[in-house]
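Peer 1:
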Amino acid sequence: MVLFFTSSATSPSAIIYMGRDKVENEELIKFAWPQDVWFHVDKLSSAHVYLRMTEGMSWESIPEALLTDCAQLVKANSIEGNKKDNLTVIYTPADNLKKTGDMAVGQVSFHNDKKVKRVYVIKRENAIVNRLNKTKEERVVDHEQERVDRVKKENAAKRIAATEKRKQDLELAKAREAEKSARSYDSLFNVEEDESLPRKTGRELEEDFM
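The C-terminal residue of the sequence shown carries number 283 in this note's numbering, and the numbering is unbroken.
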């Protein structure tokens, strides 16, 4: 089972989710989306919380209010961390999570430690936690089917974008060709116009210098 929360800290609202137990956490590590960001209390046991970033959002510039929502939810779902003040929550893109066969269930490391950021949490903010809990939904997720559907949707979007780009490139090529033809026509017209001017005779040229 996966627990979903809706954060109204940004507009449009953002989805935050986490596994109900360590077994589900393993599935989330495996099937997290490229646009998901993983949160966890540093050096303590806690839930694995994920933020599904909205379009155009970067993990390095998550709005502060949304970052606070995620950090508070992680703290509230840590048995030990929920009782402590002044703790640190770490976060990183989901695709930076590293899982090897010798790790315990729910345990992870990172491919790149430089892509791990930290947010300092002074204390639990009940108003934030209660607001998020009011939006909580528990759902059974078919992770593999969800992955297939996501990939299909992303590929369809890529095809549409590629078609649109080809159309724009063709229109641009036609416009350039038309401009080139217009310049050639103008040059030809100017030459014909110059050749149509009356030419002076030798006698007329002599008179010009008299």
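Using N, Cα and C, we set each Cβ at its ideal position, and we do this for glycine too. Note that this is a predicted model, so its numbers are computed, not measured.
Taking the straight line between their C-alpha atoms, what separation do you get for Arg291 and Ala234?
Peer 2: Given that the chain is displayed from residue 74 to residue 283, the structure contains no residue 291 and the question cannot be resolved.
Peer 1: Excluding the 5 residues flanking Asp168 on each side, which residues of the same chain have their C-beta closer than 7 Å to its C-beta?
Peer 2: Result list for Asp168: Pro107, in chain order.
Peer 1: Hey, how far is the Cα of Ser254 from the Cα of Lys247?
Peer 2: So the alpha carbons of these two residues sit roughly 10 Å apart.
Peer 1: For my contact list, Thr161 and Lys188 are in at a C-beta cut-off of 8 Å; report their separation, rounded to the angstrom.
Peer 2: No, Thr161 and Lys188 are not in contact; Cβ-Cβ is about 16 Å, not under 8 Å.
Peer 1: Quick one: what does DSSP say Lys190 is sitting in, helix, strand or coil?
Peer 2: Correct three-state label for Lys190: strand.
Peer 1: Output needed for Glu99: all residues of its chain with C-beta closer than 7 Å, excluding positions within five of it in sequence on either side, in chain order.
Peer 2: Cβ within range, chain order: Val178, Gly179.
Peer 1: Return the CA-CA distance between Lys116 and Ala144, expressed in angstroms with no decimal places.
Peer 2: Near 14 Å, if we compare the C-alpha coordinates of Ala144 and Lys116.
Peer 1: How big is the Cα-Cα spacing for Leu278 and Arg249?
Peer 2: Per-residue confidence for Leu278 stands at a pLDDT of 48, beneath the threshold of 50, marking its modelled position as unreliable; the derived number appears in the next sentence. For Leu278 and Arg249, the distance between alpha carbons rounds to 45 Å.
Peer 1: Ignore the nearest five residues each way along the sequence and tell me which others in Glu284's own chain have a CB closer than 8 Å to its CB.
Peer 2: There is simply no residue 284 to check, as the chain begins at 74 and stops at 283 in what is shown.
Peer 1: Can you list, in chain order, the residues of its chain whose CB lies under 8 Å from that of Arg191, leaving out five sequence neighbours each side?
Peer 2: The residues are Asp115, Thr161, Val162, Ile163, Tyr164.
Peer 1: Where does the unbroken alpha helix (DSSP H) through Arg204 begin, and where does it stop?
Peer 2: That run of the alpha helix (DSSP H) goes 199-206.
Peer 1: Go ahead and pull the three-state DSSP assignment for Ser86.
Peer 2: Three-state result, Ser86: coil.
Peer 1: Contact check, Thr208 vs Phe78 under 8 Å by CB: the rounded distance?
Peer 2: Correct: roughly 5 Å between the Cβ atoms.
Peer 1: Whole alpha helix (DSSP H) runs in the segment 133-162 with 4 or more residues, listed along the chain?
Peer 2: Listed in chain order, the complete alpha helix (DSSP H) runs (minimum 4 residues) inside the segment 133-162 are 137-149.
Peer 1: Within 10 angstroms of its Cβ, does Lys148 collect 16 or more other Cβ (buried), or is it exposed?
Peer 2: Buried, because 16 or more other Cβ atoms sit within 10 Å of the Cβ of Lys148.
Peer 1: Could you tell me if Met91 is buried or exposed, where buried requires 16 or more neighbouring beta carbons within 10 angstroms of its beta carbon?
Peer 2: Label assigned to Met91: buried.
Peer 1: What are the residues that DSSP puts in a beta bridge with His113?
Peer 2: Its beta-bridge partners are Ile163.
Peer 1: If you measure between the beta carbons of Met74 and Glu211, is that distance less than 9 Å?
Peer 2: Contact: yes.
Peer 1: Below 7 Å CB to CB, which residues in the same chain sit around Asn155 once its five sequence neighbours on both sides are set aside?
Peer 2: Same-chain partners within the cutoff: Lys148, Ala149, Arg197.
Peer 1: Can you grab the Cα-Cα spacing for the pair His113 / Val221, in whole Å?
Peer 2: Roughly 27 Å between the two C-alpha positions.
Peer 1: Considering only their Cβ atoms, is the gap separating Ile89 from Asp142 smaller than 9 Å?
Peer 2: Contact: yes.
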